[in-house]
Amino acid sequence: MTQVGDKIIVLDPLLSRRKAVDVPLAPRTRSSWEGAVVALLDNTKHRADTILDALQELVTERGAARVIRARKPSASLPMPPSIAQRLLSANVFITAVGD
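Residue 1 is where the sequence shown starts when you use our numbering, and the numbers rise one by one after that.
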């Protein structure tokens, strides 16, 4: 995957003969971290917590009002509704996949 301007180019990992597809970036609803409530979801893979620790420090330094941390019980399972409920107040959501 490569970002070019306001698009992401997604390549087919199966090496098919199809061409790469341009996917537009999602609209940005914030221009800064100032006042943001940020949800950080750890998927339990090795070192995902390390990535999220660094991101938490970064968004806090840049003005995030609050950071909500959560951890899935297993990387192979979907996020339980109880965790999703805890993260609903966030207006920015980041998940980390380690390894």
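Note that CB positions come from ideal geometry on N, CA and C, so glycine has one too.
Residue from the options whose Cα sits closest to the Cα of residue i
i	options	result
A64	K7, D6, W33	W33
A75	K7, L40, K45	K45
Exposure label - residue i; buried when at least 16 CB within 10 Å
i	result
D42	buried
V59	buried
A26	exposed
A84	exposed
Through-space distance from residue j to residue i, alpha-carbon basis
i	j	result
P81	L52	21 Å
R66	R30	15 Å
V23	G98	24 Å
V92	Q56	12 Å
Residues bridged to residue i [DSSP beta-bridge criterion]
i	result
V59	Paired residues: none, contrary to the question.
R66	V37
R71	D42
I94	L40
Nearest-angstrom beta carbon gap, residue j and residue i [assumed within contact, 8 Å]
i	j	result
R86	A70	6 Å
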